[in-house]
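Right, one structure below, let's go through it.
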Amino acid sequence: MPTEFYGSGTVPKTSDTKRILMVKELQATNAGGGGGGGGGIPIGNPGSFKAGVTNLGSGVSAGTVTGLALPGTPASFLLTVKQPSNGLVLVASTVSGTETSDGFSYSLNGQTDSASYKLAWTAAF
């Protein structure tokens with residue numbers, strides 16, 4: 001699947017940045033409770049990132065994104081699915097243990113119903 005890179009750089013190290021970069025890690029945390037928000041697993045010293053978009057075909061429910069040539073293995077990947085107008089609302093997650101400097105494997109909570117979906121990803125270091 002072709003990947004279009006749309007950004008890389010350095011993010012100021014603020015508490016807000018840490019909260020944003022911890023979103024992917026919330027799956028492993030009990031985020032319930034009374035009215036607070038968040039939680040999350042700290043991912044070290046966030047600061048640099050690389051991001052891109054990969055086209056998804058029709059009938060896709062899982063796959064692999066490779067050829068990223070990242071500067072190292074990311075501490076975290078944040079994945080979102082960009083849907084077409086009136087498309088299905090799909091959620092993506094990385095498959096644990098597959099994250100490398102070359103890419104990652106992902107799974108969706110359903111199957112794409114057209115080739116108009118895109119997987120947007122951000123690798124945080």
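Quick note on the working numbering: the sequence shown kicks off at 1 and runs consecutively. Glycine included, every Cβ here is placed at the ideal spot set by N, Cα and C. Being a predicted model, the structure only gives us computed values, none of them experimental.
Take the alpha-carbon of Gly72 and the one of Ala51: they are about 14 Å apart. In this structure, DSSP gives Val53 an extended state, which the three-state scheme calls strand. Thr112 counts as buried, since at least 16 other C-beta atoms from the protein chains shown sit within 10 angstroms of its C-beta. The distance from the Cβ of Leu79 to that of Thr64 is about 13 Å, inconsistent with a contact at the 8 Å cut-off.
With respect to the 8 Å criterion, Gly110 and Ser61 are classified as neighbours on the basis of their beta carbons. Looking at the DSSP output, Val81 bridges to Leu119. Counting C-beta atoms within 10 angstroms of its own C-beta, Val91 has fewer than 16 neighbours from the protein chains shown and is therefore classed as exposed. Apart from the 5 residues on each side of it in sequence, Asp102 sits with its Cβ closer than 8 Å to the Cβ of Thr66, Gly67, Leu68, Ala69, Leu70 in its chain, given in chain order. Just so you know, the alpha carbons of Ser105 and Leu119 end up roughly 12 Å apart. For Phe104, the pairing in a beta bridge is given by DSSP as Val65. 8 Å or more divides the Cβ of Leu108 from the Cβ of Val89. Residue environment: Thr98 is assigned as exposed (fewer than 16 neighbouring CB atoms within 10 Å of its CB, all protein chains considered).
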